[in-house]
Amino acid sequence: KIPIPGTGVKEAVGRFRTRLVLGSLGIVAFGLLAAAFVAHRVTRPLVELSRAARTVGEGAFGARVETREGGEVGEAIAAFNQMSSRLASLEREALDLKEREHLGEMGEVARGMAHALRNPLHAVGLSVDELAARLPDDAEAASLAAAARRQIAGVDGTIRSFLALAAGGGTEEEVDVRSLAEDVALAALQEARGRVRVTVARTSGAVRLRAVAPELKAALHALVVNAVEASADGAEVSVRVEERAPSGVRVTVEDEGPGLPEEVAARLFTPHVTTKPSGSGMGLYLAHRIATTRYGGSLVLERRAPRGTRALLEAGPRAGGHPA
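The numbering used here applies: residue 1 is where the sequence shown begins, and numbers increase by one.
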């Protein structure tokens, strides 16, 4: 018999056993990592889906889950996103219906207000003119008459704007906004009795917008009258109408008044907030409502340097009688 050394065999077996154990551990580790990766790919979208569903359940309709997943998970997420978008759309429609009902009630109130107030206002205006004519050389009487006319014009403008907002309907047509602004400027100039200058910048061509003319005119009237009332005697109010891509307009109204106090500027689009001691605080609110809810636009007020205020109204085509 030839003796076989046991040391080498044992070492070879030991090395094989070590490699086998390490290989098995590697396979197990790879399997665990692969399982964790797959679980993460699957569970992460599901966790986000659960979170978004909770958000929708709390009333924040429109929440979405962004994912690149395919298969059943992707289909479930796509269905959820579609459902959430539809819920958001239904919520908007419900709010629109509620707003239309509210505006319908406002319209009835506004028409009653117009009937009850406009005739007396007209009579008061005629009386003021007659009294002023009887005292042509009395400076104090002339000043009081001018103040009364401004107040009458302000009340009439508020009624006009309120009616335009509450009416909701009206005939939509292609409106020349610059021509509309010129009509508003002329009316404001007449109401101011020459106290200030009101100018509309002349540019080539018409600036057209699909709109209901009376409501858009009411919004412009509120801005111009607000600028006139903020201006001192002899000052100028300038109006500029421009096209805004792709199919909207921008109207800029600038005055030379004292400017906006910072503590008031943020609240001027709230009803009954005004910087004027005798103002109603409704004109800017109504103009803002018309611009934002009827024309998908905006109304911004800025301080000018060294003094004065700039109003920027942007509007797009009217959304087919679609109220706020």
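Cβ coordinates follow ideal geometry from the N, Cα and C atoms, glycine included.
- The count of Cβ pairs closer than 8 Å, one atom from the segment 209-228 and one from the segment 281-289, reaches three, so the stretches are in contact.
- A Cβ-Cβ contact shorter than 8 Å links L313 with V251.
- In the same chain as D176, and ignoring 5 residues on each side of it, the C-beta atoms closer than 8 Å to its own belong to A206, V207 and R208, in chain order.
- Leaving aside the five residues that flank V228 on each side, the residues in its chain whose CB is nearer than 6 Å to its CB run, in chain order, A188, A192, V196 and V237.
- A residue is called buried when at least 16 other Cβ atoms come within 10 angstroms of its Cβ; I290 meets this threshold and is buried.
- As DSSP reads the structure, S238 sits in a beta bridge with T199 and E254.
- When V65, R294 and S89 are compared, the shortest CA-CA separation from A79 is found for V65.
- The alpha carbon of A53 has as its nearest neighbour, out of I27, S85 and L260, the alpha carbon of S85.
- Remark: C-beta atoms of G257 and A315 do not approach each other more closely than 8 Å.
- Straight-line measurement puts the Cα of V253 at about 7 Å from the Cα of R240.
- Classified as exposed, I27 has fewer than 16 neighbouring CB atoms from the shown chains inside 10 Å of its CB.
- The beta-bridge partner set that DSSP reports for T309 consists of R303.
- By the criterion of a C-beta distance shorter than 7 Å, S231 is surrounded in its chain by V196, V237, D255, E256 and G257, once the five residues flanking it on both sides are discounted.
- Under the 10 Å beta carbon count, R267 is surrounded by fewer than 16 other beta carbons and is classified as exposed.
- R303 and L260 have their alpha carbons spaced roughly 6 Å apart.
- Pairing T293 with L301, the inter-Cα distance amounts to about 18 Å.
- The beta-carbon separation of G125 and A88, rounded to 49 Å, does not stay under the 8 Å limit for a contact.
- Here A211 is bridged, per DSSP, to E173.
- Per the C-alpha coordinates, the member of S204, R134, Q190 and D137 positioned closest to R178 is S204.
- Residue nearest to V198 within the set D183, R210 and A211 is D183 (criterion: CA-CA distance).
- With a contact defined as Cβ atoms closer than 8 Å, A211 and R318 qualify at about 5 Å.
- Excluding the 5 residues flanking it on each side, A181 has same chain C-beta neighbours closer than 7 Å at V200, L220, V239, V241 and V251, in chain order.
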